[in-house]
Each structure stands twice: as structure tokens, then as C-alpha cells.
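The numbering used here runs 1 ahead of the 1-based position in the sequence shown.
Structure, as C-alpha cells:
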Amino acid sequence: VHVYNNASILVIVEMTGSLQDKSLKGGLKFAWPFPTGRPSALYRFKSYLALSFVGVLSKAIFVGGANKMIVKNKETLIKLLKDRSRPLITVANHRCNIDDPLMWTMMTRREFWDTIDNQRYTLTAHNICFTKQSHTNIFSLGRCVPCVRGEGVYQKGMDFCLEKMEQDNAWIHIFSEGKVVEAPGRFKWGVGRLVNECSKPPLVLPIWVEGMSKLWPNHPPYYPRFGNTVNVFIGDVIDTKDWLQQLNNEEKESCRKKMTDLIQRSLFTLGEKSGCLPEGSADLVEAIDHTRNKYYK
Numbered sequence: 002v003h004v005y006n007n008a009s010i011l012v013i014v015e016m017t018g019s020l021q022d023k024s025l026k027g028g029l030k031f032a033w034p035f036p037t038g039r040p041s042a043l044y045r046f047k048s049y050l051a052l053s054f055v056g057v058l059s060k061a062i063f064v065g066g067a068n069k070m071i072v073k074n075k076e077t078l079i080k081l082l083k084d085r086s087r088p089l090i091t092v093a094n095h096r097c098n099i100d101d102p103l104m105w106t107m108m109t110r111r112e113f114w115d116t117i118d119n120q121r122y123t124l125t126a127h128n129i130c131f132t133k134q135s136h137t138n139i140f141s142l143g144r145c146v147p148c149v150r151g152e153g154v155y156q157k158g159m160d161f162c163l164e165k166m167e168q169d170n171a172w173i174h175i176f177s178e179g180k181v182v183e184a185p186g187r188f189k190w191g192v193g194r195l196v197n198e199c200s201k202p203p204l205v206l207p208i209w210v211e212g213m214s215k216l217w218p219n220h221p222p223y224y225p226r227f228g229n230t231v232n233v234f235i236g237d238v239i240d241t242k243d244w245l246q247q248l249n250n251e252e253k254e255s256c257r258k259k260m261t262d263l264i265q266r267s268l269f270t271l272g273e274k275s276g277c278l279p280e281g282s283a284d285l286v287e288a289i290d291h292t293r294n295k296y297y298k
């Protein structure tokens, strides 16, 4: 526990639930699951089925008021998904093993089908979701992209997301804390790479999710709980053109780090404004981030 501005803030970061003790050494065990080039009509159909099936299952947890989700500023997200003139990166805190897909049940059936061609690609832990060939097939059809912990920002999953942003102005969703944690954690630098290296400056949308782990716990036994409320706070759109211009003279690595920090601060500030984090949380995460010493004089 650290004390900042007279507030005690828990900053112990630990893996929870199904994230514990599931390391896969040597990276992805199976062939890259996404087709090269434009996917065939059959592949797109199977992907639509996978996305729809998971969406229906996820909505079942909220049917009949069994649980409740309150979303603020949803219209901003839906507007961006329909626009598609620029790549979109949404970034959220990660407090529940299945934040994704549960958080996207905020969309009505009409909103989902109106944006079916622009549903998110999300970076997903290879040691959780890609441990079997069948799992690899299913999760990739649901637009989950393998991310291998320890391989850094230059790995195939990151390259794939960047390619989708370049070619299709795709929507990429990232839990930049890198794993399920119980308190704010320092962002991994992958999101900085996506922004800095995309030729079309992406739009960034921070999303704070509160209460998801109450309806799906991070520790056994794993089954849905009922009678809970999830609050989703969607922030303001960030046009990264201005940030890229500010960092134009930075070296590549420094630029990536500072871009990541700007996005990190935008999310944790949203958490503070939403009343979900103590005031000063964004400052505290930066204060205990020793990697900053190299890049900030």
C-alpha cells in the first residue's frame, strides 16, 4: 500500500484466477490462425457465427435483470464504429478474466449487426486461449489475436493488428495492463507502438469497467453470480495527431514509452473522474514506474 495525497492506494499487482501458472514456453504452439489477404466469404461467415454465439452467451448473464449493466457515453463508441474513417484503439482496465466479451454486451442487437464488419480485434494471452488447436480455431474466429508474453512489442500479433489498422481502419481493443490485476498497473508498450507506427493516426477511446469481477469471479469456483451491477464509463475520443506532433522529435523507443504513458494517464484519469479510483491514482502509477527514469529528465 502506498500513500499519496493522504490517500492509501493499493498498487499490488498480481495475476488472478485462470491467469496463474499457465505459462507456455516457446510461444504459440500452432500455426498462425488468421488467413493471409482478404478472408473468404466462408471464413467471414464462420467468424460472424462465432462473434454472434459468444455475444448471445454473454448477454444471457444479464437476461431478465439477473445482472445489470449501466453504460455512460455509449453513443461515442457506436458513432466511431460506424464511421471507420480512421483506425480505432479502445483501451480498458482489466479486472475480470472475461471482461471481454462481457463488456460488449452493452451493444443492442441492432448496434451489433450494424457494425458486424468492424467488430474488435483484441490481443489475447496465448497461454490462456491458444493452448489447443480447437481453442485456437474458435478464439481466432472470434477475433482474438494471440499475444505472447515476453516477446515484446515486435511480435506477430502486434504486426497483425497494425496491418489491420493500415488496411481496414480496424478497431483494436487492448487491455494494456497486460493481465488481470486488482489495482492500476503500468501499461505495456504495445499500444504505443500501434499508435506511433500506424500511417493513419488512430483515434483512442479509454473505457473504464467497474464491477465485472462481482458477476464472474477471478478465483474458483467459476460460475456467474447474480444481482450485481456493472458500470461502464466511456471517455472522450483522443485524436493522437496532436500527441504524435508533440513527440515528433523523440527517439523511437522514447516516443513509444511516452505515447504509452499518455494513454495510460487518460484511462486512469477516467477511472478517477468516474469515482472508481482514488484521486492521485494516475500520478501514483507513474511515480512507482522506474522505467520512466530513462526517458524523462
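Note that CB positions come from ideal geometry on N, CA and C, so glycine has one too.
(request) Tell me, please, which residues DSSP counts as bridged to L1. (result) In the structure as shown, the chain starts at 2 and stops at 298, and residue 1 therefore has no counterpart that could be examined.
(message) Counting beta carbon pairs with one atom in the stretch 194-210 and one in the stretch 255-273, are three or more of them shorter than 8 Å?
(response) Because the criterion of three Cβ pairs below 8 Å is met, the stretch 255-273 and the stretch 194-210 touch.
(request) Out of N232, R194 and A184, point me to the one whose CA is closest to P279's CA. (result) A184
(request) Using the Cα positions of D160 and P203, report the straight-line distance between them to the nearest angstrom. (result) Roughly 15 Å separates the two Cα atoms.
(message) Using a 10 Å radius around the Cβ and a threshold of 16 neighbouring Cβ atoms, would you call G179 buried or exposed?
(response) Classification for G179: buried.
(message) Tell me which residue opens and which closes the alpha helix (DSSP H) that P1 is part of.
(response) Nothing can be reported for residue 1, as the shown portion of the chain is limited to 2 through 298.
(request) Please report the residue range of the alpha helix (DSSP H) in which E211 lies. (result) Not the alpha helix (DSSP H): E211 falls in the beta strand (DSSP E), residues L204 to E211.
(request) Give the straight-line distance between the Cα atoms of F131 and S267, rounded to the nearest whole angstrom. (result) 31 Å
(request) Sort L206, V233 and P225 by Cα distance to G212 and report the nearest one. (result) V233
(message) Do L78 and W172 count as a contact pair if the criterion is CB distance below 7 Å?
(response) no
(message) At the level of alpha carbons, what is the spacing between E152 and I264?
(response) In a straight line, the C-alpha of E152 is about 22 Å away from that of I264.
(request) Whole angstroms is fine: what's the gap from G277's alpha carbon to V210's? (result) For the record, residue 277 in the displayed sequence is Cys; it is not Gly. Taking the straight line joining both Cα atoms gives about 9 Å.
(request) Alpha carbon to alpha carbon, how far is T137 from D290? Give it in angstroms, no decimals. (result) 34 Å
(request) Grab the span of the beta strand (DSSP E) containing K295 for me, first residue to last. (result) First-last for K295: undefined, no H or E at that position.
(message) Please report the straight-line C-alpha distance between R121 and K295, rounded to a whole angstrom.
(response) 34 Å
(message) Closest to C97 by C-alpha separation, out of Y297, T292, F54 and P218, would be which residue?
(response) Taking each of Y297, T292, F54 and P218 in turn and checking the Cα distance to C97, the smallest one comes out for P218.
(message) Suppose you measure from the CA of L142 to the CA of R45; what does that come to, to the nearest Å?
(response) 8 Å
(message) Do T270 and A283 count as a contact pair if the criterion is CB distance below 7 Å?
(response) Taking 7 Å as the Cβ cut-off, A283 and T270 qualify as a contacting pair.
(request) Return the CA-CA distance between H95 and F188, expressed in angstroms with no decimal places. (result) 11 Å
(request) Would you kindly work out how many angstroms separate the C-alpha atoms of G65 and S48, rounded to a whole number? (result) Cα to Cα, the separation comes out at about 28 Å.
(request) Could you tell me the boundaries of the beta strand (DSSP E) in which M108 lies? (result) No beta strand (DSSP E) contains M108, which DSSP labels as neither H nor E.
(message) Within the continuous beta strand (DSSP E) that includes K274, where are the two ends?
(response) It is not in any beta strand (DSSP E) - K274 instead sits in the alpha helix (DSSP H) that spans K253 to K274.
(request) Output the boundary residues of the alpha helix (DSSP H) element that contains T241. (result) T241 to Q247
(message) Any contact between the stretch 59-73 and the stretch 223-240? By contact I mean 3 or more CB pairs, one from each, below 8 Å.
(response) yes
(request) Given a cut-off of 7 Å, decide if V205 and T261 are closer than it, judged by their beta-carbon atoms. (result) No, the pair does not count as a contact, with Cβ atoms beyond the cut-off.
(request) State buried or exposed for D243, treating a residue as buried only when at least 16 other CB atoms are found within 10 Å of its CB. (result) Under this definition D243 is an exposed residue.
(message) Considering only the alpha carbon of each residue, which of P222, G191, D101 and G236 lies closest to V181?
(response) D101
(message) By the DSSP assignment, the alpha helix (DSSP H) with N232 in it spans what residues?
(response) Membership of N232 in any alpha helix (DSSP H) is not indicated; the residue belongs instead to the beta strand (DSSP E) covering T230 to I235.
(request) Run the CB neighbour count on L52, radius 10 Å, all protein chains shown included, and call it buried at 16 or more, exposed below. (result) buried
(message) Judging by CA-CA distance, which residue of C145, E252, Y224 and F113 is the nearest neighbour of E76?
(response) F113
(message) Based on DSSP bridge pairs, tell me the residues matched to H174.
(response) T91 and T123
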